[in-house]
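Enquirer:
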Amino acid sequence: MTGNAAIRGLVAGLAGVAAMTLAEKLEQAVTKRPNSYVPAHTLERLLGLPHKPDEERLVMNWVMHWGQGILLGAVRGLMAEHGVRGPVGSLLFMNLRLLNDQTLENATGVGTLPWTWPIDEQVIDLSHKAIYAFVTGAAADRLVE
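Our numbering applies: residue 1015 is where the sequence shown begins, and numbers increase by one.
1) Pick out whichever of T1126, A1026, N1018 has its Cα sitting closest to the Cα of Y1146.
2) Going by the CB atoms, is the gap between G1091 and A1020 shorter than 8 Å?
3) Suppose the cutoff is 7 Å on Cβ atoms and the five residues either side in sequence are ignored; what does the same chain contact list for H1142 look like?
4) Using three-state DSSP, classify W1131 as helix, strand or coil.
5) Could you work out which residue in R1071, N1120, M1108, L1028 is closest to L1140 when comparing CA atoms only?
6) For L1024, collect the residues of the same chain with a Cβ closer than 8 Å to its Cβ; drop the 5 residues on either side in sequence, then sort them by chain order.
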């Protein structure tokens, strides 16, 4: 039932991206870190759209942020269906999420290589992606037989 696992994975991805977004907003309230518009500008480049200021890209930011999280959930659903489950499955999936982000951001010229970022930004990004991956994984492992 591969199709069923992928669809259930989409639901798991929705749960994961919701948890990650909540964690990001809580972290930003504490650190005063501004919103990142890298997702919007990445999508802008992928679609060949003209560059616009961040304040004009909120909808695109959410489409890319939520869209990637939901769509990648399908992969985690397939992983669960094929026995790649639990914390190890979620750790592997976290790397897929990081690879997806970095490939798109760097291939479009929007991002920079993560090891060039300040350490605190690396820790923040890894923490958020871990929350996404482990919540998505827990949901997929429950939803997929």
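In this text, a Cβ means the ideal position worked out from N, Cα and C, and glycines have one as well. This one's a predicted model, so the numbers in the text were calculated from it and none came from an experiment.
Expert: Looking at the atomic coordinates:
1) A1026
2) yes
3) M1034, A1037, E1038
4) coil
5) M1108
6) I1084, L1085, G1087, A1088, G1091
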